[in-house]
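**Q** What follows is a structure written as structure tokens; I'll ask about it next.
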Amino acid sequence: MSNYNIAVIAGDGIGPEVIAEGIKVLKKIEEIDDRISFNFTSFPWGCEYYVNHGEMMPSDGIEKLKEFDAIYLGAVGYPGVPDHISLWDLLLKIRKEFDQYVNIRPIKLLNGVPSIITDVKKEQIDMLFIRENSEGEYAGAGEWLFKGKPEEVVLQTGVFSRKGTERIIRYAFETARKLNKSLTSISKGNALNYSMVFWDQVFEEVAKEYPDVETYSYLVDAASMFMIKQPERFEVVVTSNLFGDILTDLGAALAGGLGLAAGANINPERTFPSMFEPIHGSAPDITGQGIANPLAAIWSASQLIEFLGYEEWQEKILQAIDTLLVDKTCLTPDMGGSATTSEVGDEIVSILLSAIKQKTLEKM
Ligand code: NAD
Ligand code: IPM
Ligand code: MN
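Here the sequence shown stands for residues 994 to 1357, where the numbers follow the numbering used here.
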């Protein structure tokens, strides 16, 4: 049996509410599958911790997390603590310190989910976004000069290193090749005359090593339009940190909403732990009501278990989500239902169990 140490940072707002359901699912899997055992360690870091301790996590927080096989995170940020502090001192710090330079965000229309686009078939919305996750527009480089004076100037510098750009584009090509899908690069070389001209150049260079992968390249403005009008154009997509952030919220809206959108922050070399989280935030507007949709967090848990080497469990969880969505009797209000967060988690567990029972019966 393999034992996996999972660090849990449930975080702020609805973070703890949705993470509890993901853990419920993982614990059920541990119970069923005698190859797997989890050891969950919770860290109470986040905005409340900041209010009490003056920091988002202790100074040895990163050192503590290093030991783990994976990190499972809810959401970070809450009114009362400036967002740029809460995010930079916890979520972004982990992504950067652990060199989680790949952010994988599936945008996939599951069965039973109404899309906001009418007349769309589920096959038309099946994208895999690979967002650069370590530098670019979110490098945190800049200056604030002459603060508060009339001549005040603020600089926010995009940082695109050759190493950083090449590695994310190469990762995307490898993924597209493995999945036998096309790869689309989204950039903005017409206006961002250094960073994105460079990005496009690197994309073309690396493409030469993958003649078997069909490629497309769009400007981000046109890409946003195509994502809505012709989503089938996009299969595997590679883009910068900022564009990937924005376009995956747009993608989430196409595929059932933020309550369903999952993301994995990967350190492909496995030198450091990778981190799995829903892409939504702490949703202060619905916190504490027990109505947050836990499906994004549960989908992230499926990415986590796949990363640990159990692809079959990833598929089973996704199928359970699919079944729940088709059935429609147990959905949270964001999806038009009236179920609570924990009812949805319970229902996923029960669908998983009956699917497994069914399989066992078929084998007999
Ligand atoms: P948000 O994603 O928290 O919420 C946007 C809207 O989507 C809200 O109306 C919310 O109720 C709804 N929503 C989000 N997740 C949902 C779910 N699981 N079920 C049902 N409805 C859901 O974005 P925001 O309001 O812009 O940000 C709130 C806070 O979260 C801010 O502090 C922001 O910085 C932070 N944030 C954190 C992360 C993260 O930790 N990964 C991501 C985005 C935003
Ligand atoms: C996300 C979030 C974060 C990001 C914020 C909270 C820093 O929006 O994961 O999409 O932009 O990376
Ligand atoms: Mn975002």
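For every residue, glycine included, the Cβ atom is placed at its ideal position computed from N, Cα and C.
The structure presented is a predicted model; accordingly, all values stated were derived computationally and were not measured.
Within 10 angstroms of its Cβ, does K1181 collect 16 or more other Cβ (buried), or is it exposed?
**A** If you number the sequence shown from 1, residue 1181 lands on position 188. The residue in question, K1181, is buried, as its Cβ has 16 or more Cβ neighbours within 10 Å.
**Q** Can you tell me where the alpha helix (DSSP H) with V1195 in it begins and where it stops?
**A** The residue labelled residue 1195 in the question sits at position 202 within the sequence shown. For V1195, the uninterrupted alpha helix (DSSP H) run begins and ends at 1188 to 1200, by DSSP.
**Q** Between the beta-carbon of A1215 and the beta-carbon of P1099, is there less than 9 Å?
**A** Within the sequence shown, numbered from 1, the residue matching residue 1215 stands at position 222. Within the sequence shown, numbered from 1, the residue matching residue 1099 stands at position 106. Against a cut-off of 9 Å, the Cβ pair of P1099 and A1215 comes out as no contact.
**Q** Among T1264, H1273, W1137, G1129, whose alpha-carbon lies nearest the alpha-carbon of G1244?
**A** As a first step, residue 1244 is located in the sequence shown; it is residue number 251 there, counting from the start. Closest option to G1244, Cα to Cα, is H1273.
**Q** Please find out if some non-hydrogen atom of the ligand NAD comes closer than 8 Å to the beta-carbon of V1044.
**A** By 1-based counting over the sequence shown, the position of residue 1044 is 51. False, no ligand heavy atom lies under 8 Å from that Cβ.
**Q** Using a 10 Å radius around the Cβ and a threshold of 16 neighbouring Cβ atoms, would you call T1158 buried or exposed?
**A** For this step, residue 1158 is matched to residue 165 along the sequence shown. Per the 10 Å Cβ criterion, buried.
**Q** Return the residue from the list S1331, S1108, I1087 that minimises the CA-CA distance to P1224.
**A** Counted from its first residue, the sequence shown places residue 1224 at position 231. Restricting attention to S1331, S1108, I1087, the CA atom closest to the CA of P1224 is found in S1108.
**Q** Cβ of D1076 less than 9 Å from any chain B Cβ?
**A** Looking for chain B here will not work: only one protein chain is present.
**Q** Under the three-state reduction of DSSP, which class applies to Y1094: helix, strand or coil?
**A** Start at 1 with the first residue of the sequence shown, and residue 1094 comes out as number 101. Of the three classes helix, strand and coil, the one that applies to Y1094 here is coil, per DSSP.
**Q** Do the segment 1023 to 1043 and the segment 1059 to 1072 make contact, defined as three or more Cβ pairs closer than 8 Å?
**A** yes
**Q** Between D1242 and the ligand MN, is there a pair consisting of the residue's CB and a ligand heavy atom that are separated by less than 8 Å?
**A** For this step, residue 1242 is matched to residue 249 along the sequence shown. Yes, the beta carbon of D1242 sits closer than 8 Å to at least one heavy atom of the ligand MN.
**Q** Would the beta-carbon of L1084 be found less than 8 Å away from any heavy atom of the ligand NAD?
**A** As a first step, residue 1084 must be located in the sequence shown, where it is residue number 91. Result yes, Cβ under 8 Å from the ligand NAD.
**Q** Taking the C-alpha atoms as reference points, what is the distance between I1279 and S1188?
**A** Looking up residue 1279 in the sequence shown gives position 286. Looking up residue 1188 in the sequence shown gives position 195. Their backbone Cα atoms lie some 38 Å apart in a straight line.
**Q** Secondary structure at M1043, three-state DSSP: helix, strand or coil?
**A** Numbered from its first residue, the sequence shown carries residue 1043 at position 50. It should be pointed out that residue 1043 corresponds to Tyr in this sequence rather than to Met. In this structure, Y1043 counts as helix in the three-state DSSP scheme.
**Q** Scan the segment 1153 to 1188 and note each continuous beta strand (DSSP E) run of 3 residues or more that stays entirely inside, going in chain order.
**A** When DSSP assignments are scanned along the segment 1153 to 1188, the uninterrupted stretches of beta strand (DSSP E) that are 3 or more residues long and fall wholly within it turn out to be 1176 to 1180.
**Q** Evaluate E1340 with the Cβ neighbour count: other Cβ atoms within 10 Å of its Cβ, from every protein chain shown; 16 or more gives buried, anything less gives exposed.
**A** Here residue 1340 refers to the residue found at position 347 of the sequence shown. So E1340 ends up on the buried side.
**Q** Determine the extent of the beta strand (DSSP E) in which W1137 is found, giving its start and end residues.
**A** The sequence position of residue 1137 within the sequence shown is 144, counting from 1. Here the beta strand (DSSP E) through W1137 covers 1129 to 1138.
**Q** Distance check for L1212 and V1190, CA to CA, integer angstroms please.
**A** For this step, residue 1190 is matched to residue 197 along the sequence shown. For this step, residue 1212 is matched to residue 219 along the sequence shown. About 11 Å.
**Q** Pick out whichever of I1298, N998, R1163 has its Cα sitting closest to the Cα of F1036.
**A** Here residue 1036 is taken as the residue at index 43 of the sequence shown, counted from 1. Closest by alpha carbon: N998.
**Q** So which of M1328, L1083, G1006, I1012 has the shortest CA-CA distance to L1297?
**A** To locate residue 1297, count along the sequence shown from 1; it is residue 304. Looking at the Cα atoms, I1012 is the closest of the given residues.
**Q** Between the alpha carbons of F1219 and K1086, how many angstroms are there, rounded?
**A** The count along the sequence shown starts at 1 and reaches residue 1219 at position 226. The count along the sequence shown starts at 1 and reaches residue 1086 at position 93. Taking the CA atoms as reference points, F1219 sits about 33 Å from K1086.
**Q** According to DSSP, which residues form a beta bridge with D1119?
**A** The residue you call residue 1119 lines up with position 126 of the sequence shown. D1119 is bridged to K1101.
**Q** Can you determine whether any heavy atom of the ligand MN sits closer than 8 Å to the C-beta of I1272, and answer yes or no?
**A** Counted from its first residue, the sequence shown places residue 1272 at position 279. Flag set: Cβ of I1272 near the ligand MN.
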